[in-house]
Amino acid sequence: MVFALRSGEFDGLSDDELHDGLVGDSREMTRIEARRLRRIAEIVARRSFEDDGYRSITSFVAHRCGISTGRAAGLVRAARALGEMPRTRMAFDRGDIDLVAVRRLAEAQKVNPEAFSEIEPTLVEAARDQEPRVFRRIVDLWSQNAAPEAAVDREDRLRERRRLSVSETFEGMWRIDGDLDPESGAIVKIALDSLTDRTHLDETDTRTPAQARADALTDLCRDHLDHGDTPVIGGEKPHLSIVVDIDAITGGDARFCEITDIDVLTTSRTARRHACDSSICRIVVDGDSEILDLGRRTRTISPALRRALVARDDGCVVGGCQVPARWTDAHHVIHWADGGPTALWNLVLLCRFHHTLVHEGKIQVKPP
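Counting from 4, one number per residue, gives the positions in the sequence shown under the numbering used here.
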């Protein structure tokens, strides 16, 4: 905890003195970082690292400073670049700009060294005075205009580095990890923001931003499966299939409840939530799971009934929630497994967030 760091050394300072001291400490750390890069540059010039048996300055810095090779390589690149950027070096030595800005300026210098020498004072001023995001845009814009072909090459390199992995953890969670090129990342960010904007959510929504983004990604994928132009495989479009015994739907203790294809076990509560608005197929098996009868698949909510629901509810019916109908499920107020009819009076539209809360027993909805 932060309180554990308190030592009493600042007790006699006013708030303004404490705040100014924080800024001073930050500038001093930057000056120390600048001095470290000057030392690296001097070691490179003397090639003294070779006397200690190191093959490269990078391995020397990594080993002697106890840092990773990648971080050491970044420091070495920055130290070498500063030799060609006098204005940047002066600002860095004074603590006016930090190492992140130095690296950004070094990347720009490599793009067009001659043009950079003329614009360097202006870019250094931007690094000192502008917010980091604004400064990055200024440098990127200059680089793109100073060397259009290099900008295209950089765009291609970033595009080639795109990746996405989806894997199941031992706990049953799913980990998504990846890197997107700038354009793809912007598209994904805009799509997620469209579903997580607080002005469109229930004001009592207690999810963290990270949880809301996770739900938004799920909703986007679900919407694609429901409405997208997905390929037909084996006579059906891709879909989520849950195999359960009848007790899971009727409210008893389920012995088996599994999401097929990926062999993920789930609970009867989740099965009942999905059963509200899905296609149902009866499978009769004997004791050793031999299939004896396979019934026809039937939809619990017909397209016509869905249209009527949309016309009446227009979106999630929970007060304050503004999620539109496209992102909602049709919920049986009295579950059909408990005798509730699939009729307009027994149905309401709920967003997936509130639909989950209803089946968890955290909120209640009444027939309209």
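Using N, Cα and C, we set each Cβ at its ideal position, and we do this for glycine too.
For I179, the secondary structure class from DSSP, reduced to helix, strand or coil, is strand. Taken atom to atom, the span from the alpha-carbon of A150 to that of H334 is near 57 angstroms.
Contact between the region 57-72 and the region 121-130 is absent: fewer than three C-beta pairs spanning the two stretches fall below 8 angstroms. Taken atom to atom, the span from the alpha-carbon of F356 to that of F173 is near 25 angstroms. Around the CB of M176, fewer than 16 other CB atoms lie within 10 Å, so the residue is classed as exposed. As computed with DSSP, H335 is found in a beta bridge with L350. Residue environment for A311: exposed (fewer than 16 other C-beta atoms within 10 angstroms of its C-beta). Per the C-alpha coordinates, the member of D156, D316, V114 and E31 positioned closest to C354 is D316. Spanning the alpha carbons of T199 and S120 requires a straight line of approximately 44 angstroms. A residue is called buried when at least 16 other Cβ atoms come within 10 angstroms of its Cβ; L350 meets this threshold and is buried. The bridge partners DSSP lists for V169 are I179. The C-alpha of G181 lies about 44 angstroms from the C-alpha of L347.
Residue state for G56 is assigned as coil, using DSSP reduced to three classes. Every candidate beta strand (DSSP E) stretch fails here, since none sits fully inside the region 123-154 while reaching 3 residues. Taking a contact as a CB-CB distance under 8 angstroms, the pair R90 and E36 does not count as one, their CB atoms being some 17 angstroms apart. Note that the C-beta distance between L40 and A82 is below 8 angstroms. Close CB contacts of D184 within its chain, under the 8 angstroms cut and outside five residues either way in sequence, are with E158, L161, R162, R164 and R165 (chain order).
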